[in-house]
Amino acid sequence: MNSIDEKLQPILAEVVRRNAGEPEFHQAVHEVLESLGRVVAKHPHYLDHALIERICEPERQIIFRIPWVDDKGQVQINRGFRVQFNSALGPYKGGMRFHPSVNVGIIKFLGFEQTFKNALTGMPIGGGKGGSDFDPKGRSDAEIMRFCQSLMTELHRHLGEQTDVPAGDIGVGGREIGYMFGQYKRLNNRFEAGVFTGKALAYGGSRARTEATGYGNTYFVQAMLETRGTSFDGKKVVVSGSGNVAIYTIEKVQSYGGKIIACSDSSGYVVDENEIDLELLKDIKNVRRERISEYARRRGQGAHFIAADKGSIWDVPCDVAMPSATQNELSGKDAATLIRNGVIAVGEGANMPSTPEAIKAFQDAGVMFAPGKAANAGGVATSALEMQQNASRDSWTFDQTEARLATIMRGIHDSCYQTAEEYGAPGNYVLGANVAGFVRVAEAMRMLGVI
Numbered sequence: 459m460n461s462i463d464e465k466l467q468p469i470l471a472e473v474v475r476r477n478a479g480e481p482e483f484h485q486a487v488h489e490v491l492e493s494l495g496r497v498v499a500k501h502p503h504y505l506d507h508a509l510i511e512r513i514c515e516p517e518r519q520i521i522f523r524i525p526w527v528d529d530k531g532q533v534q535i536n537r538g539f540r541v542q543f544n545s546a547l548g549p550y551k552g553g554m555r556f557h558p559s560v561n562v563g564i565i566k567f568l569g570f571e572q573t574f575k576n577a578l579t580g581m582p583i584g585g586g587k588g589g590s591d592f593d594p595k596g597r598s599d600a601e602i603m604r605f606c607q608s609l610m611t612e613l614h615r616h617l618g619e620q621t622d623v624p625a626g627d628i629g630v631g632g633r634e635i636g637y638m639f640g641q642y643k644r645l646n647n648r649f650e651a652g653v654f655t656g657k658a659l660a661y662g663g664s665r666a667r668t669e670a671t672g673y674g675n676t677y678f679v680q681a682m683l684e685t686r687g688t689s690f691d692g693k694k695v696v697v698s699g700s701g702n703v704a705i706y707t708i709e710k711v712q713s714y715g716g717k718i719i720a721c722s723d724s725s726g727y728v729v730d731e732n733e734i735d736l737e738l739l740k741d742i743k744n745v746r747r748e749r750i751s752e753y754a755r756r757r758g759q760g761a762h763f764i765a766a767d768k769g770s771i772w773d774v775p776c777d778v779a780m781p782s783a784t785q786n787e788l789s790g791k792d793a794a795t796l797i798r799n800g801v802i803a804v805g806e807g808a809n810m811p812s813t814p815e816a817i818k819a820f821q822d823a824g825v826m827f828a829p830g831k832a833a834n835a836g837g838v839a840t841s842a843l844e845m846q847q848n849a850s851r852d853s854w855t856f857d858q859t860e861a862r863l864a865t866i867m868r869g870i871h872d873s874c875y876q877t878a879e880e881y882g883a884p885g886n887y888v889l890g891a892n893v894a895g896f897v898r899v900a901e902a903m904r905m906l907g908v909i
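Okay, structure coming up:
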C-alpha cells in the first residue's frame, strides 16, 4: 500500500485496531486516507472535531440470525447484516449481497465505499450496505422466498424511505427484491414503494435500472478516453464477470464501436476473437442460468473456454479492461500483464476489484484508471432516480432515465477530473473521486454538528 500523511496515520491505526480481522475494510479506508493528505494540508479544519474518525465509523451496525426451512423440511441458519454507514446527505442507500463470502468486514467496506460513491452522484442519499452469507445458487424459488421473508422479518424495523433504502447486489436481483419488498409491505401494512430500489416495473421500478451500472461505467470510461483524444471505437475490450454489470457494459461498449473479446464467471472465462455474441450470452446467463463454458460450446469456432485454475482473463491482450465481477479480482501481477500487453484504460464496474498493487501499477504506467466509487456509480444514481419517481408517483421512459444517467455520469467524471487538477494530481481519478466525495460528506457533517 502507498503511504499516507503522518497526520492521518493515527486514524488508520485506530481503524485497524477497532476493526480487527476486516482486511477489506482496512483496505478501503487506507485507499481514501492516502488521498486526503493534500486536503488536510490545504484545509486543516477537516482534522477538527474527529471529523475523519467519525466518517470511518459506521453510524449503526446490525447483525442478526436468519432461520429458514429448506425444501426437505430442514431448518437452516444464516447470518444477516446491515451497516448504516453515513446519513449526512440523506437516507442510507446501498445494496444487499447474498454470497457465502459475506461477513461484517466486507459489508463495512462496501458501505464505506458507498458513502463516497453516493456523494459523487450529487443526489441526496447517504451510504449503507447489507447482505447475508446465504448462497442462492442451487436453491429453489420457494427456498429463496422463505429465506428473504425471514431476513425481512428482522430487517424491516430498520428500513424506511426516509431512513434506509436497500437495493440489489451480488446474488440479489429482481426476484429477491420482490420477495423482500413483499414481506416488508406485509409487516408494515403500507405500500412504501421508495423503501427498495431495483424493483420490477410492475410495482414501481425504474426503466434502465438493470442496465445502469454497466452503462454508467461505459459513459465514464468513454469520457476518460476523450480526455486523451480517443474513444471506444475500434478498441479491444475485456470485461470480467457475466452478471448484469458485465452484460450491460458489453452492450453499451459495443454501441460505441468497441470490440468485446472476453468475459467470465467464477468457473473461468471465454475468449471470442470474433467478438462476444451478446444475445447468446444473455440467453445463457439470464435465461438458462448456465456456466460461461456453455457460451464457447454453443458459439463454436473462434470461441474457447479457459478454466479459472488454468489462467486469468487478464492474460487476454486488450486496449481497455473493465473488471466487473467482485472485489480484489485484479492483482498486481494481472496489472503487469495488462500493461505489458498495451492496455490504455481500466474502468471498475465492480466494487474495489483492483488490489492496491494493481492500482499503483496502472498509475505508475500512465494507464487511465477509473475507480469503482466513481465509474460504477450509475447503478445507485438510477436507484435515486427510482426513488424520485416513486415519491412523485411518476414513471419515466427508458430514454428519459438513460439521458439523466448519462448527464450524472458525465458530471461525476468532470468532478473527479477537475478535483484532481485542483489538488495538483492531474489525471489521478482515484484522488479526484476520493477527495470530491469526501469533501461533500465532510461539509454536510461539519454543518450538522457532532452527532
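In the working numbering, the protein residues as written are 459 to 909.
Using N, Cα and C, we set each Cβ at its ideal position, and we do this for glycine too.
- First through last residue of the alpha helix (DSSP H) which encompasses R755: Element bounds for R755: 751–757.
- Item | Cut-off 8 Å between Cβ atoms - residues of its own chain near V533, not counting five sequence neighbours on either side | Cβ-Cβ distances below 8 Å link V533 to P525, W526, V527 in the same chain, with the five nearest sequence neighbours on each side left out; the list follows chain order.
- Buried or exposed for G726, please, with buried defined as at least 16 other CB atoms from any protein chain shown within 10 angstroms of its CB. Around the CB of G726, 16 or more other CB atoms lie within 10 Å, so the residue is classed as buried.
- Task: Flag this pair as yes or no: are the beta carbons of N675 and M610 separated by less than 8 Å?
- Result: It is not a contact, given that the beta carbons lie outside the stated cut-off.
- Query: Does the separation of the CB atoms of G586 and Q572 fall below 8 Å?
  - Reply: The Cβ-Cβ distance between G586 and Q572 falls below 8 Å.
- Query: For E511, which residues from the same chain have a beta carbon less than 6 Å from its beta carbon, with the 5 sequence-adjacent residues on both sides left out?
  - Reply: Within the same chain, Cβ atoms closer than 6 Å to the Cβ of E511 are found at I469, the five residues on either side in sequence being excluded.
- Message: Extract the residue ranges of the alpha helix (DSSP H) inside the segment 583–651, only unbroken runs of 4 or more that lie entirely within it.
- Response: If we require 4 residues or more, the alpha helix (DSSP H) runs fully inside the segment 583–651 come out as 599–613, 632–646.
- Query: Excluding five sequence neighbours on each side, which residues of the same chain lie with their C-beta closer than 6 Å to the C-beta of H557?
  - Reply: I628, G629.
- Query: Can you give the beta carbon distance from V703 to G672, rounded, assuming they're within the 8 Å contact cut?
  - Reply: A Cβ-Cβ distance of about 5 Å is found for the pair V703 and G672, placing them in contact under the 8 Å criterion.
- Message: Please classify A894 as buried or exposed, where buried requires at least 16 other C-beta atoms within 10 Å of its C-beta.
- Response: Buried, by the Cβ-count rule.
- Item | 6 Å CB neighbourhood of Y550 in its chain, flanking five on each side removed | Taking Y550 as the centre and dropping the five residues before and after it, the same chain places the C-beta of Q542, G584, G586, D622 closer than 6 Å to its C-beta, in chain order.
- Task: Give me the Cα-Cα distance between E667 and E464, rounded to the nearest whole angstrom.
- Result: Reading off the sequence, residue 667 comes out as Arg, not Glu. Distance from the CA of R667 to the CA of E464, rounded to the nearest whole angstrom, comes to 42 Å.
- Burial state of G538 (16 or more Cβ within 10 Å): When all chains shown are included, G538 counts as buried.
- Query: Helix, strand or coil: how does DSSP classify G479 here?
  - Reply: Three-state result, G479: coil.
- Message: Once DSSP output is grouped into helix, strand and coil, what is the label at D557?
- Response: Looking at the sequence itself, residue 557 is His, so the reference to Asp does not match. Coil, per DSSP.
- Message: Ignoring anything shorter than 3 residues, give me the beta strand (DSSP E) runs that lie fully in the segment 754–802, in order along the chain.
- Response: 761–765, 778–780, all fully within the segment 754–802.
- Query: Among I802, I771, P775, V778, which residue has its Cα nearest to the Cα of S789?
  - Reply: The option with the nearest alpha carbon to S789 is I771.
- Message: Going by beta-carbon coordinates alone, are I565 and G548 separated by less than 8 Å?
- Response: Result no, Cβ atoms of I565 and G548 do not sit closer than 8 Å.
- Of all the options E612, N561, K710, F570, which has the alpha carbon lying nearest to the alpha carbon of D593? In terms of CA proximity to D593, N561 leads the group E612, N561, K710, F570.
- Message: Checking the sheet assignment: what are the DSSP bridge partners for C721?
- Response: As a beta-bridge residue in DSSP terms, C721 pairs with V728.
- Please determine, among L906, V897, I866, the residue with the shortest C-alpha to C-alpha distance to H501. Nearest option by C-alpha distance: V897.
- Task: Go ahead and pull the three-state DSSP assignment for F654.
- Result: Three-state result, F654: coil.
- Item | Spatial neighbours of G569 in its chain, beta-carbon cut-off 7 Å, leaving aside the 5 residues before and after | Within the same chain, Cβ atoms closer than 7 Å to the Cβ of G569 are found at P516, V541, F543, G552, G585, G586, K587, the five residues on either side in sequence being excluded.
- What span of residues does the alpha helix (DSSP H) with R898 cover, start to end? Where R898 is concerned, the enclosing alpha helix (DSSP H) stretches over 887–906.
- Can you list, in chain order, the residues of its chain whose CB lies under 8 Å from that of E650, leaving out five sequence neighbours each side? Excluding positions up to five away in sequence, the list reads G618, E619, Y642, K643.
- Message: Which residues does DSSP list as the beta-bridge partners of P525?
- Response: I535.
- Could you tell me the distance, in whole angstroms, from the CA atom of G807 to the CA atom of A765? Computed Cα separation, rounded: 22 Å.
- A878 lies in the alpha helix (DSSP H); which residues open and close that run? Here the alpha helix (DSSP H) through A878 covers 856–880.
- So which of R604, E472, H614, S724 has the shortest CA-CA distance to G769? Of the candidates R604, E472, H614, S724, S724 places its Cα closest to the Cα of G769.
- Tell me where the alpha helix (DSSP H) around M826 begins and ends. For M826, there is no enclosing alpha helix (DSSP H); the residue is found in the beta strand (DSSP E) stretching over 826–828.
- Can you give the Cα-Cα distance for A600 and G663, rounded to whole angstroms? Computed Cα separation, rounded: 23 Å.
- Message: Give me the DSSP bridge partner(s) of V562.
- Response: Per DSSP, none; premise fails for V562.
- Of all the options D741, G692, N834, which has the alpha carbon lying nearest to the alpha carbon of I718? Of D741, G692, N834, the smallest CA-CA separation from I718 is found for G692.
- Item | Secondary structure of I462, DSSP reduced to three states | The three-state secondary structure of I462, taken from DSSP, is coil.
- Message: With H, G and I counted as helix, E and B as strand and the rest as coil, what does DSSP make of F543?
- Response: Residue state, collapsed to three classes: strand.
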